[in-house]
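**Q** Structure incoming, see below.
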Amino acid sequence: MTNINEDYIEDYLRGLVKGGQGFLADMEKYAEDNHVPIVEPEVAQLLRVLLKSMKPKRILEIGTAIGYSALVMMDTLKGNCKITTIEIREDMVELAQDFLSKSPYGDRVEVIHGDASQVLERLEGKFDLIFMDAAKGQYIDFFDKSIKLLNPDGMIIADNVLFRGMVASDNLVIRRKITIVKRLRRFLKYINELEGFTSCVIPIGDGVALIHKEA
């Protein structure tokens, strides 16, 4: 459980979401068996709804892990998009590429191995949607470097922004997580005060921020 909602609410919401089929189901089982974090079912469903509405053609993902989110997005759009995803861990890159090769969309997803902060500085072109699910303490840096890559009327989605509820309550903060919590609080304040953008935070999963860039 993520500790931002009562267990009964979280269980109920997850019970409404159908599990993945085929290669997505295989990835969900791998993640559960090997304790690899992937987006929660209700967050995956939010992504599906947003994608069906926006119909983005180019998507940038910061934080690949095993490639689950990328394939949820690609499957939702039936392959009618191009995804570039960045991952710093070599073992995750290899796993993601393996799962991608077993899906129908392997040739539509580019996995870049590297530090997102550095990769973002050299990326070219524009994206319609950017999904951030990487080092939470670097969200402001990732966001600032992503703005130039985001098309007008595009959206940045940032996952885990309430960080087990710690961002919203000092009573929940664990001492070793103080720095991350402070940085996430600064990030949320920053995006809500930034001109040219409209933001909101949705308290599902571990907290999801939606940041829309004005056209």
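Numbering (the numbering used here), first residue to last: -15 to 199.
Yeah, the Cβ is synthetic: ideal placement off N, Cα and C, and Gly gets one too.
(1) Can you tell me whether T60 is buried or exposed? The criterion is at least 16 other CB atoms within 10 Å of its CB, across all chains shown.
(2) Would you report the Cα separation of D10 and E179, rounded to the nearest angstrom?
(3) For the alpha helix (DSSP H) that contains D(-9), what are its first and last residues?
(4) How close, in whole Å, do the beta carbons of M57 and I50 come, if the pair is a contact with beta carbons under 8 Å?
(5) Closer than 6 Å by C-beta to I46: which residues in its own chain qualify, once you throw out the five before and the five after it? Chain order, please.
(6) Exposed or buried, K120, counting other C-beta atoms within 10 Å across all chains shown (16 or more means buried)?
(7) Report the three-state DSSP secondary structure of V165 (helix, strand or coil).
(8) Would a C-beta distance cut-off of 8 Å place V221 and L30 closer than the cut-off?
(9) So, using beta-carbon positions, are E26 and G189 closer together than 8 Å?
(10) Which residue spans inside the stretch 17 to 73 form an unbroken beta strand (DSSP E) run of at least 3?
(11) Please classify Y89 as buried or exposed, where buried requires at least 16 other C-beta atoms within 10 Å of its C-beta.
(12) For L34, which option in N64, L194, G(-1) has the closest C-alpha, if you only look at C-alpha atoms?
(13) Short check: CB of A80 to CB of V95, under 8 Å?
(14) Going along the chain, which residues of its own chain have a beta-carbon closer than 7 Å to the beta-carbon of A54, five neighbours each way excluded?
(15) Per DSSP, which residues does K13 bridge with? Please list them.
(16) When the Cα atoms are used, what is the spatial distance from L146 to P187?
(17) Have a look at A199 and S87 and give me their C-alpha separation to the nearest angstrom.
(18) Would you verify that the beta carbon of D91 is, or is not, closer than 8 Å to some beta carbon of chain B?
(19) Would you give the residue range spanned by the beta strand (DSSP E) that I124 belongs to?
(20) Tell me which residues share the same chain as I141 and place their Cβ nearer than 8 Å to its Cβ, disregarding the 5 neighbours each side in the sequence.
(21) Going by alpha carbons, who is nearest to K41 out of K197, V1, N135, R169?
(22) Hey, how far is the Cα of V157 from the Cα of D91?
**A** Taking the structure as given:
(1) Along the sequence shown, one-based indexing puts residue 60 at 76. Buried, because 16 or more other Cβ atoms sit within 10 Å of the Cβ of T60.
(2) The count along the sequence shown starts at 1 and reaches residue 10 at position 26. The count along the sequence shown starts at 1 and reaches residue 179 at position 195. Those two C-alpha atoms are separated by around 42 Å.
(3) Position 7 of the sequence shown holds residue -9. -9 to 0 is the span of the alpha helix (DSSP H), which, as asked, contains D(-9).
(4) One-based indexing of the sequence shown puts residue 57 at position 73. One-based indexing of the sequence shown puts residue 50 at position 66. Going by Cβ atoms, the distance from M57 to I50 rounds to 14 Å, so no, they are not a contact pair.
(5) Counted from its first residue, the sequence shown places residue 46 at position 62. Within the same chain, I46 has close Cβ partners I70, A100, M116, A118, F126.
(6) Position 136 of the sequence shown, counted from the start, is the residue given in the question as residue 120. Answer is buried; the Cβ neighbour count reaches 16.
(7) For the purposes of this step, residue 165 is identified with residue 181 of the sequence shown, where counting begins at 1. Three-state DSSP puts V165 in a helix.
(8) Only positions -15 to 199 of the chain appear in the structure, and residue 221 is not among them; the question remains open.
(9) Against the sequence shown, residue 26 aligns to sequence position 42. Against the sequence shown, residue 189 aligns to sequence position 205. Cβ atoms of E26 and G189: closer than 8 Å.
(10) The stretch 17 to 73 contains, as complete beta strand (DSSP E) runs of 3+ residues, the segments 42 to 46, 66 to 71 (chain order).
(11) Counted from its first residue, the sequence shown places residue 89 at position 105. Result: buried.
(12) On the sequence shown, residue 34 is found 50 positions in, with the first residue counted as 1. Per the Cα distances, L194.
(13) By one-based count along the sequence shown, residue 80 stands at place 96. By one-based count along the sequence shown, residue 95 stands at place 111. Yes, the pair counts as a contact, with Cβ atoms nearer than the cut-off.
(14) Looking up residue 54 in the sequence shown gives position 70. Closer than 7 Å at Cβ, skipping near neighbours: E45, T48, I67, T69, V93.
(15) Counting from 1 along the sequence shown, the entry for residue 13 is found at position 29. DSSP output for K13 lists no bridge partner at all.
(16) Counted from its first residue, the sequence shown places residue 146 at position 162. Counted from its first residue, the sequence shown places residue 187 at position 203. Those two C-alpha atoms are separated by around 8 Å.
(17) For the purposes of this step, residue 199 is taken as residue 215 along the sequence shown, with counting starting at 1. For the purposes of this step, residue 87 is taken as residue 103 along the sequence shown, with counting starting at 1. Distance between the alpha carbons of A199 and S87: 34 Å.
(18) In summary, chain B is missing from the structure at hand, where a single protein chain is found.
(19) The residue labelled residue 124 in the question sits at position 140 within the sequence shown. Element bounds for I124: not the beta strand (DSSP E) but the alpha helix (DSSP H), 123 to 131.
(20) Indexing the sequence shown from 1 puts residue 141 at position 157. Correct list, in chain order: L31, L34, L113, I114, F115, M116, V192, A193, L194, I195.
(21) Residue 41 sits at position 57 when you count from the first residue of the sequence shown. Closest option to K41, Cα to Cα, is N135.
(22) In the sequence shown, counting from the first residue as 1, residue 157 sits at position 173. In the sequence shown, counting from the first residue as 1, residue 91 sits at position 107. One C-alpha to the other measures close to 42 Å.
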